[in-house]
Amino acid sequence: MNPVLLIAIPLLFAFLSIMNKKFARPLLLVALLLDVYLVFTISKGLYSIGGFSQYGINLLVDQYSLIGLMVVNVVFFLTVVTNCKEVKRLSTVLLVALAGVNGLLLTNDLFNLFVFLEIVGISAYLITSGNKRPLATFNYLVQGTVGSGLYLLGLILLYSMTGTLNMALILPTIVDKAIPLSNLALPFMLMFIGLGVEAKLLPFNSWVKGVLQNANALTSVLIAGVFATTIALTFGRLLSTVFVLGSISNIVLVILAVTMLAGEVAAFASKRIREVLLFSAIAQSGLIILLFANGLVIPAIMLIIANIVSKYILFTITGKMVDGTKTDEIESLQGVFSKNKLVGFAFTVASLSVIGLPLFFGFIVKLNILTSLFSQYQLFLSALILVVSLIEGTYFVKLLIKLWYSVGEVKTFKVDALVKVVTLIFALGLIVFGVYTKPLTDSLMTVPEEMMEAIAERGNF
Amino acid sequence: MIQYASIILIMLGLYGLLTNRNVIKIIISLNVFEIGLNLFIISVGYVDGGLAPILTGNSTSVLSFVDPLPHALVLTSIVIGVGTTALGLAFAKKIYAKYGTYEIDEMGVE
Amino acid sequence: MFSIELVVLSTLLAGVLAYIVSIKLPKLGSYLTILASLAVFSVLAYFGFNNNLDAEVNLIPQFVLFKTSMFGLYFAIIVSFIFFMVSFFNPYFIKDYKYPAAYNLFYLMALAGTIGVFFASNFITLFIFFEIVVWTSMFLIPLGKKRKPTVTYFVFSTVGSFAMLYAVMFTFSITGSFDLAAISVLSGKSALLVYILLAVAGFAKLGAYPFYVWLPKVLGKSPDPVSAVFSGGIEKLGAFIAFMAILRISPASIYLEAVGMYLQNYVIAIFGAITIVVGTLQAIRQDDAKKLLAYSSASNGGYILVAIAMSSSISLTGAMYHILAHALASTAAFLAIAVVHYRTKTTKISELGGMIHHMPLTYMVYLMAIISMAGIPPMGGFISKWLIFQAVINKQMIIVAVATFFGSIGSFLYVFRPLAALFLGQKLPKYKGVKEAPFLMMIPLIILTLGSFYIGVIPNQVIDFSNKVIAEFGFGPLLMNEFGIQGANGTLSAPIIASVFGLGVVVIAIIFFILPKSRKVGLMDTYTSGEFIYTEELLHYSADFYAPFERLYPAKPLISKVYAMIKEKVNELGRFFKYWFFTNKPEVTVLWIVLILTLLVWGDIL
Amino acid sequence: MSVILMSMLIGLGVALFGFTLQTTIGGINRKVVGRMQKRYGPKWYQEFLDIFKALSKRAISHGWIYDFGVIMAVGGITATAMFMPITDSLVAFAGYDNFFIFVYLLAVGMLGMAMSASGSGNPLASIGVMRALTQMLAYEVPFMVVVITIIKVSGTSSLTGIMEFQQANGWFALSLPIGFGVAFLSLLGMLGKKPFETYIAPSEIASGPMVEYGGKQLGLLFVMHEIATFIEVSLFVHLFLGGASNIIEFLAKYFIVYTVANLISNLNGRFKIDQVVVFFYKWPLALAVLQAIWVLWR
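Structure (structure tokens):
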């Protein structure tokens, strides 16, 4: 089946949903179900839209995008299902967002990518507008627009040098035409910054705090889970198959390292649960991009998967918790899990996985990251990762202990059975994958090869 | 020449974003930035003395055409820009409804 | 044949089972922990002693590999024994916990983890189980009085385990192997780096200077059985790592002629010495009996480090012996205090008094434990300290010797304090109805005391075993004859000492009982220089016991200020980042973008 | 087995000898001090009379630990004394007269006494014990540093071995003069002689640990005190003054050491307990360490 359906169906349904508001939510669910079904049935290959072969827009389905699509669509679906109440007003926007997300993962064209970036961006602005913090959303909009503007500028510069927008053709063309690295520095830097804004890299991420600080379960999971994963995967593909970092690799590495450090340190200094989680999310995305920038695709994908699952659990539960207790100060949330043990269990498993303790998936990921880094002899970077993850562990443990053990009166909150089930299944998944990872690692094995093949064969033309 | 002009526009837009603390002015700066960008995109496709890229019966070389792709791109880009601006204005209205002012400094700390 | 894998897995399963059972019946679950740890101990001991443990791995996937070694077995038996002994206390404490089911689960998981560590054949396995121990035991801590020590424990443990991880990965990047033997291949600077990192890991877990800070916090505030397990069992993981680091890696460095050892070993010994002194000084001034014992644990860890660093047959035997002796004695002491805590609800020495009249058996257990901890014959601690002293003198490490003697004498001071003020002294009326330990608690108390006594009188079996262990590290056996251990400058005969001591006591006891009988009077019937004092509290000397001595040194160790400062700095940095980067102002982002681009373009032009 | 039994009997003999010896010399010393203070002084066997009188009296007991501690204390000290060589050939357990046995077995006795004293419930006793332990921490470390120098130089920690080494190579008092001085100060501390008698301090804490005792308990503790003194002084003689090859030589050296210590004691006032610690950790420890470094690391 043609992967374009993944984009087309949600878009079509979005139009339909405008016509009849009543059916908006069912349409969204149907679209999601269809997408999930499609994701598990489409076959790999390169699909050109409109038959223009390399001159037109191409969609690429390889192992990489397939994994991304599966993860993102499933989590998107579950997010919508577990937050039915909040979704109502946003159904159309979510449909558009779904199209954008799938497009980002599938597209093989730089400009098309920009378009999807804007689609995702605009839907993100709209989703966050539900937080009743218009100023924060406005900030997000301004920064997002500047970011994508810079990305556009970069890609035009690149186009003027290479004459193509096909992602698979750019690297070969650069090699063919022997374009000097110094010329490439500016366009790639611009694109890096552009995507960096969306990927929450430090100094371009001042929007994150305002947006996520006040987000509910739906918004935060979508922004920090689904969108962040999509952007990270897109970023990853660009970094591994398109970008020639060359002379800017130092700046990039510094930016990423600082992002990681700043995120964790800021989380350490935070006293509100959502703030802690959002800063931690920033640090994680810094780490993910850092891995991509070092060419470590497999660990990066593993981290992305671990990240989206644990972020789903953490943000969903936090969202429900904040809804129920009307506070997100950790001090006043003390002991909440003593009344909600199952939810607490899922939360604990997710955070232990994020910290990277054994028996949980995060541990396997961490081990993989470090093994790969050390096989590149990246001594400094791995030391930094360890230091950072020590800080991370510290505040997560602090948080967990506070949430389990009360000092004074304990606040309560209600969680639907569905949320409980989903978070528990995810938590169990983290444990299962933490003990038995073989299927996952096997399916990841071929990713880098396939990515490189696409370039080597010049997109099969 | 037009490239320099567009770069100056981009710079102006960024400068506006840096210095303005008024929601509407920020949106305008954003627009200036985008216009600069769009001009730049068109300028990339420009070929001195080139023809419009329309296949006629005459046997003109393909190389003498201006590049049509940037024109296509810029259309999309303009559309997106308009969309963003509209959204920005909508948010501006919401902000005004909430705080009663467009000056960010007067809104107090959020 | 019995496979290690099976032991580990079935312990984990038993943990899960105990968890499920204790959701409804916490007490039954805690009895399960007794059974499970008994099973683990007896399987390890039985099959281990008969060399019949199977290292094959069939069920656990991937890179987990086990192997049997005398070294691992020695530790595994000790630690599983401690877990078994302590588990007898679980049924009594379980009802005080907020999450009893979780306690039972984590207790057994921690046990499984430690077994895994000791039998690991490659570093990945070692690290996995090490971390399992860290996080499972971490969740045991907050069930006690305070939550904060959990974080402290996590930080220090993680510093250690990350240092180890780095060392492991670094070794891997050079040798391409995760095998435990790979570290021996290293040379030059990389060997030194791995050496230091592994030493840090050992230090952190053992609670050596400068990482001892977590010990008093964790051991002082955890539930009592947990403190005992930490002190007797989990802490010994550090010794295990330190053994490997110091004995398996030999980075070439300066050889110190005067003490006959390499510089890095000497540095370790010095750190061990500092640990001894700091631990002793702090233990002397503690008012909380558990904290006092915690500092004493730190100080004893220092002895183990000093002994390992000297790396000779005598010193290594001393280290092995000390690990066993300290595990038995310190667990017994912690459990004795746990009984007091269980009955009186306090562990503050200054609030207690005259417990001996309520719980004489507990008192005797504590007495024997501290005799062993202070290194006085005829208990196990004497032999280990004697061996360590022999080695210290043999290596002529004068500075270290000063510390070891100081620690040894200092231990009289601190162990006597709970004895004098908590168990002895006036019988305070507020503890009138307090009873002796319940029957189930007595079992481990008595077994531990007898064990401590046995290894103090007949050291042959232990030394045989430890000779096999040190042979694995390439050291010759310690010579022994029927009565004595052959040291560097003398022989020690534990049975003779014990029997002479016994004879002395018997002779004097006979004389004592022949002499006219004394009239029994109350404790208030004492000489008070003519004052009339009617309340027991006023005649009880327990607060600020060593006040004159305590005045001579600062109350708070300097290093804890350093840690507080580090924490504050991280916090400050976090606030700095939050202020400068997460401001909710778009112009900041734009500014940074412009700056970076300017930098880039400028750099290009230049 | 019979060898051990024989040794044990000899050991008991040594302990009894030590008790008799020290009690006698103690009595003589009381006379010496009396003469110094222009008094006549008691008879030389006065101490025996005191002890036996105390032993024969009925007294009070503060509970089982009070009695048990006394037995443990005297038993422990007796056991320690049983290992003590008198001359280089007269030793009960040849080959096992390890220096560390004395240090640690002595501690058993001390612990027993401290336990018994604290068990009496008298705070003055506890204070005395606290001071005694603190003082022990003070004098023991410099002493041990000196002793390890001796052990390392002579290559053995057996007292007879050290004696033999000195008889061949000269006294340690002469070859290690600094250590000798330091050890003598420590000896004063061990014996509880002024200026280090803070833990007894009769006028201040009413004899400290001993405050509650009377009757047989007191008598046994006197016995213990005498034997402990015997052990400490003999240790000093064996370690520094070349030991003895016959009993007369031993008696002479023993008498001189004890009398000098006693005389010095009578010329001094009393330190406070923290002053004792500071005193020992300042110069004696520094000198002992310096000497050890000079001798061993050269």
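Chains as they are written, first to last, in the working numbering: chain A, 104 to 564; chain B, 1469 to 1578; chain C, -16 to 589; chain D, 99 to 396. Backbone N, C-alpha and C fix where the C-beta goes; we use that ideal spot for every residue, glycine too. These numbers come from a predicted model, not from an experiment.
Is DSSP giving C:A290 helix, strand or coil here? helix
Please classify C:A530: is it buried, with 16 or more other beta-carbons within 10 angstroms of its beta-carbon, or exposed? exposed
Counting Cβ pairs, one atom from each stretch, are 3 or more of them under 8 Å apart for the region 404 to 411 of chain A and the region 360 to 373 of chain A? no
Would you mind sorting A:P542 into buried or exposed? The rule is 16 or more other CB atoms within 10 Å of its CB. exposed
Does any residue of chain F have a CB that is nearer than 8 Å to the CB of C:H305? Absent from the structure: chain F. Protein chains present are A, B, C and D.
So which residues of chain D does C:Y510 contact, with C-beta pairs closer than 8 Å? N220, L222, A304, V309 and E310
Residue from D:Y194, D:K291 and D:I260 with nearest C-alpha to C:N464: D:Y194
Of all the residues that make up the region 568 to 581 of chain C, which are near chain B by a beta-carbon distance shorter than 7 Å? P569, E570, V573, L574 and V577
If I measure Cβ to Cβ from A:N563 and keep anything under 6 Å in the same chain, skipping five residues before and after, which residues do I get? For A:N563, the predicted structure reports a pLDDT of 43, less than 50, and the residue's modelled location is therefore unreliable. The matter cannot be settled from this model.
Can you tell me whether C:L419 is helix, strand or coil according to DSSP? Reading the sequence as shown, one finds Glu at residue 419 of chain C and not Leu. Coil at C:E419, not helix or strand.
Would DSSP call A:S373 helix, strand or coil? coil
Using a Cβ-Cβ cut-off of less than 8 Å, list which residues of the region 282 to 302 of chain A approach chain C; keep chain order. S285, A288, L289, M292, L293, I296 and V300
Buried or exposed: where does B:L1477 fall if 16 or more other Cβ atoms within 10 Å of its Cβ makes it buried? buried
For A:V457, would you say it is in contact with chain C, using Cβ-to-Cβ distances shorter than 8 Å as the test? no
Local conformation of A:F516 per DSSP, three classes: coil
Give the residues of chain C in contact with B:L1482, contact being defined as C-beta atoms less than 8 Å apart. V573, I576 and V577
C:L589 (DSSP reduced to helix, strand or coil): In this predicted model, C:L589 has a pLDDT of only 46, less than 50, meaning its place in the structure is not dependable; the value taken from the coordinates is given anyway. DSSP places C:L589 in coil when its eight states are reduced to three.
How is the beta strand (DSSP E) around A:N161 delimited, first residue to last? N161 to V164
Please tell me whether C:Y584 has its Cβ less than 8 Å away from any Cβ of chain A. Per the sequence shown, the amino acid found at residue 584 of chain C is Val instead of Tyr. So, interface residue.
Thinking C-alpha only, which one of C:F71, C:V(-9), C:Y562 and C:F448 is nearest A:G313? C:Y562
Please check if any C-beta of chain D sits within less than 8 Å of the C-beta of C:P412. no
Measuring only between beta-carbons, confirm whether B:L1485 sits less than 8 Å from chain C. yes
Whole angstroms is fine: what's the gap from C:S298's alpha carbon to C:I332's? 35 Å
Mind checking if A:G203 is an interface residue toward chain B, Cβ cutoff 8 Å exclusive? no
Alpha carbon to alpha carbon, what distance is there between A:I334 and C:F161? 35 Å
Quick one: residues in its chain with C-beta nearer than 6 Å to the C-beta of D:A236, no 5 flanking neighbours on either side, listed in chain order? V374, V375 and F378
So who's on the other strand from A:K505, going by DSSP bridges? DSSP, once it has assigned bridges, lists no residue as partnering A:K505.
Neighbour-count burial assignment, D:R396, 16 or more Cβ in a 10 Å radius: exposed
Given A:V468, which residues of its chain have a CB within under 6 Å of its CB, disregarding the five upstream and five downstream residues? M405, L406 and A409
Spatial distance of C:T108 from C:G216 (CA atoms): 19 Å
I'd like to know whether the C-beta of A:E512 is nearer than 8 Å to at least one C-beta of chain B. no
Measure the alpha-carbon distance for D:V387 versus C:F495 and round it to whole angstroms. 44 Å
Would you call A:T515 buried or exposed, if buried means 16 or more other Cβ atoms sit within 10 Å of its Cβ? exposed
At a CB distance below 9 Å, what residues from the region 352 to 376 of chain C approach chain D? Give them in sequence order. I353, I354, A357, G358, I359, P360, P361, F365, K368, W369, F372, Q373, V375 and I376
Taking CB distances under 8 Å as the criterion, tell me whether C:L202 reaches chain A. no
Counted within 10 angstroms of its Cβ, other Cβ atoms place C:P361 as buried (16 or more) or exposed: buried
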